[in-house]
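Read through the structure below, which is laid out as structure tokens, and then see the notes.
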Amino acid sequence: MLIIKNLYVSTQEKEILSGVNLEVKSGEIHAVMGPNGSGKSTLAFSLSGHPKYQITKGEINLDENNICEETPDERARKGLFLANQYPVAIPGLTVQSFLWQVYKKRNPPKAAHLGGQVKNDSIMSLIEFRKWIEAQAKALSLKPELLKRGLNDGFSGGEKKKIEILQMLVFNPKYIILDEIDSGLDIDAIKKIAQTIAKVAKDRNIGVIIITHYSRILKFLKPDKVHIMSTGKIIKSGGWEMVEKVESQGYSFEN
Amino acid sequence: MTRFVSLKKEKKITSKEVMGEYKYGFKEIENNVYKSKKGLDVEVVKVISDIKKEPLWMREKRLLALEIFYKKRMPTWGGDLSHINFEDIYYYIKPTINVEKKWEDLPKEIKNTYDRLGLPEAEKEYLGGIKAQYESEVVYGSLQKNLSDKGVIFCSMDEAVQNYPDMVREYFGKLVPAGDNKFAALNSAVWSGGSFLYIPKGVKVDLPLQAYFRINSANSGQFERTMIIVDEGAYVHYVEGCTAPIYSSDSLHAAVVEIFVKKNARCRYTTIQNWSINVYNLVTKRTWVEENGIMEWVDGNFGSRLTMKYPSVILAEEGARGEILSIAIAGKGQHQDAGGKCVHLAPNTSSRIISKSISFKGGRASYRGLVSINKGAVNSRSKVVCDALIMDKDSRSDTYPTNKISEPQSIIEHEATVSKIGEEQLFYLMSRGFEEHEAEAMIVNGFIEPIAKELPMEYSVELNRLINMQMEGSVG
Chain A
1349 MLIIKNLYVS TQEKEILSGV NLEVKSGEIH AVMGPNGSGK STLAFSLSGH
1399 PKYQITKGEI NLDENNICEE TPDERARKGL FLANQYPVAI PGLTVQSFLW
1449 QVYKKRNPPK AAHLGGQVKN DSIMSLIEFR KWIEAQAKAL SLKPELLKRG
1499 LNDGFSGGEK KKIEILQMLV FNPKYIILDE IDSGLDIDAI KKIAQTIAKV
1549 AKDRNIGVII ITHYSRILKF LKPDKVHIMS TGKIIKSGGW EMVEKVESQG
1599 YSFEN
Chain B
5 MTRFVSLKKE KKITSKEVMG EYKYGFKEIE NNVYKSKKGL DVEVVKVISD
55 IKKEPLWMRE KRLLALEIFY KKRMPTWGGD LSHINFEDIY YYIKPTINVE
105 KKWEDLPKEI KNTYDRLGLP EAEKEYLGGI KAQYESEVVY GSLQKNLSDK
155 GVIFCSMDEA VQNYPDMVRE YFGKLVPAGD NKFAALNSAV WSGGSFLYIP
205 KGVKVDLPLQ AYFRINSANS GQFERTMIIV DEGAYVHYVE GCTAPIYSSD
255 SLHAAVVEIF VKKNARCRYT TIQNWSINVY NLVTKRTWVE ENGIMEWVDG
305 NFGSRLTMKY PSVILAEEGA RGEILSIAIA GKGQHQDAGG KCVHLAPNTS
355 SRIISKSISF KGGRASYRGL VSINKGAVNS RSKVVCDALI MDKDSRSDTY
405 PTNKISEPQS IIEHEATVSK IGEEQLFYLM SRGFEEHEAE AMIVNGFIEP
455 IAKELPMEYS VELNRLINMQ MEGSVG
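These protein sequences, in sequence, are chains A and B.
Going by our numbering, the first sequence opens with residue 1349, and the numbers climb by one from there.
Going by our numbering, the second sequence opens with residue 5, and the numbers climb by one from there.
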């Protein structure tokens, strides 16, 4: 379970989050909605451990470990995955070689009892992995040539978002935070991504936090809970009716 | 190669396995070899020439060069050379000095690097200067056999002076005369080792000539002299150096490389050097390119305290082309002053310089380049791209480009970018489970990829591994 307890976060000495509480069980999908500047992205970055955001109070418990003091890589190795709103480019690092490195990192060969390494049959070889990743890319309607290019280097907004999803599939997380994964995508892409996330979350029993402005993606994802965030707090939580309220009234209903 | 072979006797203690542990064998060399005193004077130069049993003309070239060396001032436009003490250097290094060394005596970081690069034991010992000599003759002999059928000559410069004196005499110093600069003068006076390569008309050497020189490189010492002549329509790719740090207790490396690319010929020269951190690496490399010839320098600089190296192409005849790909990595206490020079003398010539540098842990990387399009070189074009990556706030990068255009119907393009390694990039990769140093290495490897892909496969693999290690801070 991912438990966020009374979380206060500042950046550049300005308080952005002022006591966020949220509990996400494995297999649950939680939507966090809210207007610009309400602190949604700050929540995503603080969960992942971005150094620009300082946790001043509160706890983040990931499967009963408080991870507030941990670096982004330590949190990631505990199974936390952030799909970014604006994925950065790493020129020269090809997508396929990066994904392979992520895969190897997440699936180290099992150590034999004498300290040697034995082959784990469930681990793919490079060739198997390449085939698998090409199939996954195809399913997301990503051009296969993209896998041979530098990570996010010159990619369109939609391509970057799909690459995030591809990374998520390789990473095989326990908890996923999706920060506006739907922004800048056309409806077909949104549908495809949402279906992929929903399937993975169900099949692998993953806890999901999806941050979004819009209800479009939520229609495909069918969140278990919907939270409304405003000025650094979750001010309302509920079910699908919250989405409908936002659709009809915007965020003004909060007042 | 065996430039000492007639002068020494060797007794070999063979390696053996004891209790599952590999014990390092080493060679003992009896003390009947000349050992140069420290410092430089006429006597030292004469003795070098005597030992090599050189013809008079070479001896005279050396002595003349020594006079020029004395007269030339230290260059002050580049890195800090003020700590070089010419009196505290052996100008003719003997294997006997090295033989006293043991594996255990090598600096820890050098040993670690060799281990982690997975070099064969023999090569480790050799590069570490423990073995005076590697079993290179066999490899070298088979190479000779293979290529000599085509008329290719590939031997040490010392041997070339003896066996091909006419050719050496015609080309030696033609492109880099002793008067070119103080270190070219020094090299001309005391040079030893280096390679001589001649590719006859129309002969294309398909495989890079690399393994051979890899073995030779450390043996060729501090003042090697290399000469390559690629005759009309011929092709060769020559690879020098290796990514393992070349451990040298001597602090000055001053080499000269002269390359002649004839009509329609093509030469690629790849260097990856990783000198130990105490070394001043001051090298003059130059190519003369004739009609429609192509010269490509791929130059990678790691290690050393200070490197000053600017591979040059002189595009002497119509349609000649030159390309310089240079990469420099400067860590703690290091200054890499590297770049390239392209001089256009004839119409329709073209050149390109791509320079990438990385500075970290307080290192300094400078790009220094010259593009000169002389009168008459109409319709020539040149493009210079410099990218610098600065890893932290203590590190530094600078750019010193010089463009001279005397021919208005020509074009020079210049692009320069400086990027600091981004917190956002690091966070992005770390949020995928990579440790900070792994993330840094991924960014750096991506940055140098355009040059790494030009290297022979095993070099580019080693390059990546080396960068990973440096980012981890385990290499000096």
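For each residue, glycine too, the CB sits at the ideal point set by N, CA and C.
Q.
Just checking: is the beta-carbon of residue 394 (chain B) within a distance shorter than 7 Å of some beta-carbon in chain A?
A. On the second sequence, residue 394 (chain B) is found 390 positions in, with the first residue counted as 1. Output row for residue 394 (chain B): interface = no.
*asked:* Whole angstroms are fine: how far does the CA of residue 1395 (chain A) sit from the CA of residue 465 (chain B)?
replied: In the second sequence, residue 465 (chain B) corresponds to position 461, counting from 1. In the first sequence, residue 1395 (chain A) corresponds to position 47, counting from 1. So the two alpha carbons sit approximately 36 Å from each other.
My understanding is that residue 401 (chain B) touches residue 359 (chain B), with C-beta atoms under 8 Å, so please give their C-beta distance in whole angstroms.
-> The residue labelled residue 401 (chain B) in the question sits at position 397 within the second sequence. The residue labelled residue 359 (chain B) in the question sits at position 355 within the second sequence. Actually they do not touch by this definition, with Cβ atoms about 11 Å apart.
Could you tell me if residue 1444 (chain A) is buried or exposed, where buried requires 16 or more neighbouring beta carbons within 10 angstroms of its beta carbon?
Here the question's residue 1444 (chain A) lines up with position 96 in the first sequence. Burial call: buried.
task = Name the residue from B:332, B:396, B:282 whose alpha carbon lies nearest to the alpha carbon of residue 430 (chain B).
result = If you number the second sequence from 1, residue 430 (chain B) lands on position 426. Ranking the options by Cα distance to residue 430 (chain B), first place goes to B:396.
Contacting residues, own chain, Cβ-Cβ under 7 Å from residue 187 (chain B) (five flanking each side not counted): The sequence position of residue 187 (chain B) within the second sequence is 183, counting from 1. 258, 286, 288.
_With 16 other Cβ atoms within 10 Å as the buried cut-off, status of residue 1349 (chain A)_ = Here residue 1349 (chain A) is taken as the residue at index 1 of the first sequence, counted from 1. By the 10 Å Cβ count, residue 1349 (chain A) comes out exposed.
For this session: Starting from residue 1455 (chain A), find everything on chain B with Cβ-Cβ shorter than 8 Å and list it in chain order.
Result: By one-based count along the first sequence, residue 1455 (chain A) stands at place 107. Residues of chain B passing the Cβ test: none, with the nearest at roughly 11 Å.
**Asked** Using a Cβ-Cβ distance under 7 Å, would residue 206 (chain B) count as near chain A?
**Response** Position 202 of the second sequence holds residue 206 (chain B). Taking Cβ atoms only, chain A never reaches closer than 7 Å to residue 206 (chain B), which makes this a no.
* From the DSSP output, read off the bridge partner residues of residue 94 (chain B). => Indexing the second sequence from 1 puts residue 94 (chain B) at position 90. Paired residue(s): B:42.
task: Measure from the alpha carbon of residue 266 (chain B) to the alpha carbon of each residue in B:239, B:277, B:274, B:243, then state which is nearest.
output: Taking the first residue of the second sequence as 1, we reach residue 266 (chain B) at position 262. Closest by alpha carbon: B:239.
Exercise. Are the C-beta of residue 63 (chain B) and some C-beta of chain A separated by less than 7 Å?
Worked result: Locating residue 63 (chain B) in the second sequence gives position 59, where the first residue counts as 1. Output row for residue 63 (chain B): interface = no.
Checklist entry - CB-CB under 7 Å to residue 1433 (chain A), same chain, minus the five flanking residues each way: which ones, in chain order? => result To locate residue 1433 (chain A), count along the first sequence from 1; it is residue 85. Answer for residue 1433 (chain A): 1389, 1527, 1528, 1531, listed in chain order.
request  = Flag residue 438 (chain B) as yes if its beta-carbon sits less than 7 Å from any beta-carbon of chain A, otherwise no.
outcome  = Reading the second sequence from its first residue, position 434 is the one you call residue 438 (chain B). By this cut-off, residue 438 (chain B) is an interface position.
Within the 7 Å Cβ cut-off, does residue 1387 (chain A) reach chain B?
As a position in the first sequence, residue 1387 (chain A) is number 39, starting the count at 1. No, its Cβ sits nowhere closer than 7 Å to a Cβ of chain B.
For residue 1373 (chain A), tell me which candidate among A:1537, A:1556, A:1470, A:1589 has the shortest Cα-Cα distance.
Position 25 of the first sequence, counted from the start, is the residue given in the question as residue 1373 (chain A). Per the Cα distances, A:1556.
| message | So if I threshold CB-CB distances at 8 Å, which residues from the stretch 446-460 of chain B count as touching chain A? | response | 446, 447, 449, 450, 451, 452, 453, 454
Coarse secondary structure for residue 1357 (chain A), derived from DSSP in three states
Counted from its first residue, the first sequence places residue 1357 (chain A) at position 9. It is a strand residue.
Neighbourhood of residue 195 (chain B) by C-beta distance below 6 Å, restricted to the same chain and skipping five residues each side:
Numbered from its first residue, the second sequence carries residue 195 (chain B) at position 191. If we look at residue 195 (chain B) and ignore the five residues flanking it on each side, its Cβ neighbours are 227, 229.
Query raised in the report: Does the beta carbon of residue 1394 (chain A) sit closer than 7 Å to a beta carbon anywhere in chain B?
Result: Taking the first sequence and counting its residues from 1, the one referred to as residue 1394 (chain A) is at position 46. It does not: the Cβ of residue 1394 (chain A) has no partner Cβ on chain B nearer than 7 Å.
task = Please compile the residues from chain A whose C-beta is within a distance smaller than 8 Å of the C-beta of residue 432 (chain B).
result = By one-based count along the second sequence, residue 432 (chain B) stands at place 428. 1432, 1435, 1436, 1438, listed in chain order.
| message | Looking at chain B, is there any beta carbon in it that lies within less than 7 Å of the beta carbon of residue 1450 (chain A)? | response | In the first sequence, residue 1450 (chain A) corresponds to position 102, counting from 1. Cβ-Cβ to chain B under 7 Å: yes for residue 1450 (chain A).
Quick check on DSSP: helix, strand or coil for residue 181 (chain B)? Locating residue 181 (chain B) in the second sequence gives position 177, counting from the first residue. Coil.
* To do: Note down, in chain order, every chain A residue with its Cβ under 7 Å from the Cβ of residue 429 (chain B).
  => What you label residue 429 (chain B) is simply residue 425 of the second sequence in a count that begins at 1. Within chain A, the residues near residue 429 (chain B) are 1436, 1438.
According to a CB-to-CB cut-off of less than 7 Å, which residues of the stretch 282-311 of chain B neighbour chain A?
none
Taking C-beta pairs closer than 9 Å, name the residues in chain A that residue 435 (chain B) reaches, listed in chain order. Locating residue 435 (chain B) in the second sequence gives position 431, counting from the first residue. Here the neighbours are 1396, 1397, 1398, 1420, 1421, 1423, 1424, 1428, 1429, 1430, 1432.
Which of the three DSSP states is assigned to residue 1433 (chain A) in this structure?
For the purposes of this step, residue 1433 (chain A) is identified with residue 85 of the first sequence, where counting begins at 1. Coil.
query: Whole-angstrom Cβ separation of residue 425 (chain B) and residue 444 (chain B), contact assumed at under 8 Å?
result: By 1-based counting over the second sequence, the position of residue 425 (chain B) is 421. By 1-based counting over the second sequence, the position of residue 444 (chain B) is 440. At roughly 7 Å, the Cβ-Cβ gap stays under 8 Å, so residue 425 (chain B) and residue 444 (chain B) are in contact.
What does the alpha-carbon distance come out to for the pair residue 296 (chain B) and residue 383 (chain B)? Position 292 of the second sequence holds residue 296 (chain B). Position 379 of the second sequence holds residue 383 (chain B). Taking the straight line joining both Cα atoms gives about 14 Å.
For this session: Give me the Cα-Cα distance between residue 1499 (chain A) and residue 1417 (chain A), rounded to the nearest whole angstrom.
Result: Along the first sequence, read from residue 1 onward, the residue named residue 1499 (chain A) stands at position 151. Along the first sequence, read from residue 1 onward, the residue named residue 1417 (chain A) stands at position 69. Whole-angstrom Cα-Cα distance: 29 Å.
### Query
Rounded to the nearest angstrom, how far is the Cβ of residue 1481 (chain A) from that of residue 1521 (chain A), given a contact under 8 Å?
By 1-based counting over the first sequence, the position of residue 1481 (chain A) is 133. By 1-based counting over the first sequence, the position of residue 1521 (chain A) is 173. With 8 Å as the limit, residue 1481 (chain A) and residue 1521 (chain A) do not qualify as a contact, their Cβ atoms being about 17 Å apart.
| message | Is there a C-beta anywhere in chain B that falls below 7 Å from the one on residue 1441 (chain A)? | response | Here residue 1441 (chain A) refers to the residue found at position 93 when the first sequence is read from its first residue. At least one chain B Cβ lies under 7 Å of residue 1441 (chain A).
Next on the checklist: Using C-beta distances below 8 Å, list every residue in its chain close to residue 1488 (chain A), excluding the 5 sequence neighbours before and after it, in chain order.
Outcome noted: Locating residue 1488 (chain A) in the first sequence gives position 140, counting from the first residue. Excluding sequence neighbours, residue 1488 (chain A) sits near 1510, 1513, 1514, 1540, 1541, 1544.
| Within the 7 Å Cβ cut-off, does residue 1360 (chain A) reach chain B? | For this step, residue 1360 (chain A) is matched to residue 12 along the first sequence. No - not a single Cβ of chain B is within 7 Å of the one on residue 1360 (chain A).
task: Name, please, each residue of chain B whose Cβ falls closer than 9 Å to the Cβ of residue 1515 (chain A).
output: For this step, residue 1515 (chain A) is matched to residue 167 along the first sequence. Ordered by position in chain B, the residues that pass the 9 Å Cβ test against residue 1515 (chain A) are 436.
For a contact meaning CB atoms closer than 8 Å, what does residue 426 (chain B) contact in chain A?
Taking the first residue of the second sequence as position 1, residue 426 (chain B) is located at position 422. Chain A residues near residue 426 (chain B): 1436.
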